[in-house]
Amino acid sequence: MDVSVTRSTIILELPRQEFETLDPQAIRQSVLGELRRMAAVQRYAQGKISKRELMTAVGVEAAQEIIEAREITATSIERAIGDYQARR
Amino acid sequence: MTTRLVVDTSALVSLALVDCLDLLDALGYELAVAPAVIQELHQMASRSDTLSRAAESALQTVAKFETALDEAAQDLASQLVVLPRLGQGEAETLALAAQLNSFEMLVDDVRAMGGLAGVARTLEVNIAPSSYVFVKAYL
């Protein structure tokens, strides 16, 4: 089951057949798990938890993606600042 | 110097969601958009939700910047798309950035950013998220 959480909605995506036998506890755990992952990503972005803690919270592959994306973002901001300083 | 951007679907939708697509025009960027991105936006726009409205808005802004891939870029895109975490839109966007030379690639899909990073370095294409546009606007 894929869970997407936005500010105003929670979207569960699952095969229609699974809907017939859906366990409310499984939904609850999936949603809470996604919220925990989102919180971990936010805390990592704020520098409040380490890469290792992020890896524990979201798994190795997802953590690698997030770490790489954060580095790309930081590099792009440095580049923008460099461009600005070069213009002055 | 004019900033030259090749923009992926995810970044266009992000900018549309916060109603900031006009920054691309206001800041005088030179833009290019891969055909697969236009297709992805059309697919998203055909639904009926917040994202579809954002996709529709993005299409109105960038459809005129659709740029065809040359043969070498098409070949590169077909090799990139088999890499894990990359879709057709990201593959074509990176290939187009390489084709056009000195264009930067704007992408917001975290999974794709990780997948693209190594190849982009090899192709000497700079990758940035849509927040790059806000930083540039502020500076």
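First to last, the sequence lines map onto chains A and B. For the first sequence, my numbering assigns the number 9 to the initial residue and increments by one for each residue that follows. For the second sequence, my numbering assigns the number 3 to the initial residue and increments by one for each residue that follows. Each residue gets a CB set at the ideal place from its N, CA and C atoms; glycine is no exception.
- Contact between B:Leu19 and B:Ala56 holds: CB atoms are separated by about 5 angstroms, below the 8 angstroms threshold.
- In this structure, the beta-carbon distance from B:Val112 to B:Ile129 does not fall below 8 angstroms.
- Runs of alpha helix (DSSP H) with 4 or more residues, each lying fully within the region 44–73 of chain B, are found at 52–64, listed in chain order.
- Against chain A, the CB of B:Asn103 has no partner CB under 8 angstroms away; the residue lies outside that interface.
- Excluding five sequence positions before and after A:Ala71, the CB atoms of its chain that fall closer than 6 angstroms to its own CB belong to Leu62, Met63, given in chain order.
- In this structure the region 83–90 of chain A does not touch the region 18–37 of chain B; the number of beta carbon pairs closer than 8 angstroms is below three.
- Contact fails between the region 50–60 of chain A and the region 18–33 of chain A, because fewer than three Cβ pairs, one in each stretch, are under 8 angstroms apart.
- Taking a beta-carbon distance threshold of 8 angstroms, B:Tyr31 does not count as an interface residue toward chain A.
- Below 8 angstroms, enough C-beta pairs join the region 6–13 of chain B and the region 91–111 of chain B to call them touching: three or more.
- 8 angstroms or more divides the Cβ of B:Leu43 from the Cβ of B:Leu23.
- Judged by beta-carbon spacing, B:Leu78 lies beyond the 8 angstroms limit of B:Ala114, meaning their Cβ atoms are not closer than that value.
- Residue-level contact check: A:Ile35 does not touch chain B, since none of the beta carbons of chain B fall below 8 angstroms from its beta carbon.
- Checking the DSSP bridge columns, you'll see B:Met107 partnered with B:Val8, B:Ile129.
- Per DSSP, the continuous beta strand (DSSP E) segment holding A:Ser12 begins and ends at 10–13.
- With a cutoff of 8 angstroms on beta-carbon distance, B:Gly116 and A:Glu73 are scored as near each other.
- In this chain, the alpha helix (DSSP H) harbouring A:Ile75 covers 68–95.
- Short of 8 angstroms from the beta carbon of A:Met9, and not among the five residues preceding or following it, lie these beta carbons of its own chain, in chain order: Leu20, Glu21, Leu22, Glu26, Ala34, Ile35, Ser38.
- The C-beta distance from A:Ala82 to A:Val66 rounds to 19 angstroms, too long to fall under 8 angstroms, and the pair is not in contact.
- Contact check for B:Ala36 against B:Leu98 passes: the beta carbons are separated by less than 8 angstroms.
- Residue contact check for B:Leu141 against chain A: a CB pair falls below 8 angstroms.
- Counting other Cβ atoms within 10 Å of its Cβ, B:Lys66 stays below 16 and is therefore classed as exposed.
- By the neighbour-count definition (other C-beta atoms within 10 Å, threshold 16), A:Thr14 is an exposed residue.
- Contact note: A:Ala77 reaches chain B through Val112, Met115, Gly116, using a C-beta cutoff of 7 angstroms and chain order.
- Using a CB distance cut-off of 8 angstroms, A:Ala82 does not count as an interface residue toward chain B.
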